[in-house]
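J.:
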Amino acid sequence: MSTSPTESAVATLVAQDAVDKLTALRTIARVAASTVQSPATARPTVPLADGVWAQIDIPKFGEPPPLVIDVHAVAGRDVALRHALALLDQLRATTEWDLATDFDRVY
Numbered sequence: 011m012s013t014s015p016t017e018s019a020v021a022t023l024v025a026q027d028a029v030d031k032l033t034a035l036r037t038i039a040r041v042a043a044s045t046v047q048s049p050a051t052a053r054p055t056v057p058l059a060d061g062v063w064a065q066i067d068i069p070k071f072g073e074p075p076p077l078v079i080d081v082h083a084v085a086g087r088d089v090a091l092r093h094a095l096a097l098l099d100q101l102r103a104t105t106e107w108d109l110a111t112d113f114d115r116v117y
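Numbering-wise (this note's numbering), the sequence shown opens with residue 11 and increments by one.
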């Protein structure tokens, strides 16, 4: 799967929960029936579909949540939005995270 952040559109989900990055990535991978790619790197990803993946941004040490889930899509913003909404539904159905969209963020 292609995961080239320099050539992708992004749709953002925000969780107002204190969840560590690895747990969040594993949870996303589980609900998406996927795996965490490059887990020991600074930018691990979870493939969601061909050319679509999720990445996590977490607050710096000592800062409160949110946990930011960026859904990237090489095919454009509409694809990123569609997959972000599907992931939002999956996470709401399987976690107790307080989730919202942040589709107004510009990348």
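Cβ atoms here follow ideal geometry from the backbone N, Cα and C, with glycine treated the same way.
Please read these numbers as outputs of a predicted model, since none were measured by experiment.
#1: Report the three-state DSSP secondary structure of I79 (helix, strand or coil).
#2: Is the Cβ-Cβ distance between V78 and V24 less than 7 Å?
#3: Return the chain-ordered list of same chain residues with a C-beta closer than 7 Å to the C-beta of E17, the five sequence neighbours on each side being excluded.
#4: Would you give the residue range spanned by the alpha helix (DSSP H) that I38 belongs to?
#5: Do V62 and H93 count as a contact pair if the criterion is CB distance below 7 Å?
#6: Take the Cβ of L32 as the centre, count every other Cβ of all protein chains shown within 10 Å, and call the residue buried at 16 or more, exposed below.
#7: Between which two residues does the beta strand (DSSP E) carrying Q65 extend?
#8: Among T37, P75, V41, A64, whose alpha-carbon lies nearest the alpha-carbon of T91?
T.: Working from what's here:
#1: strand
#2: yes
#3: V84
#4: 31-41
#5: yes
#6: exposed
#7: 62-67
#8: Contrary to the premise, residue 91 reads as Leu rather than Thr in this sequence. Nearest C-alpha to L91: A64.
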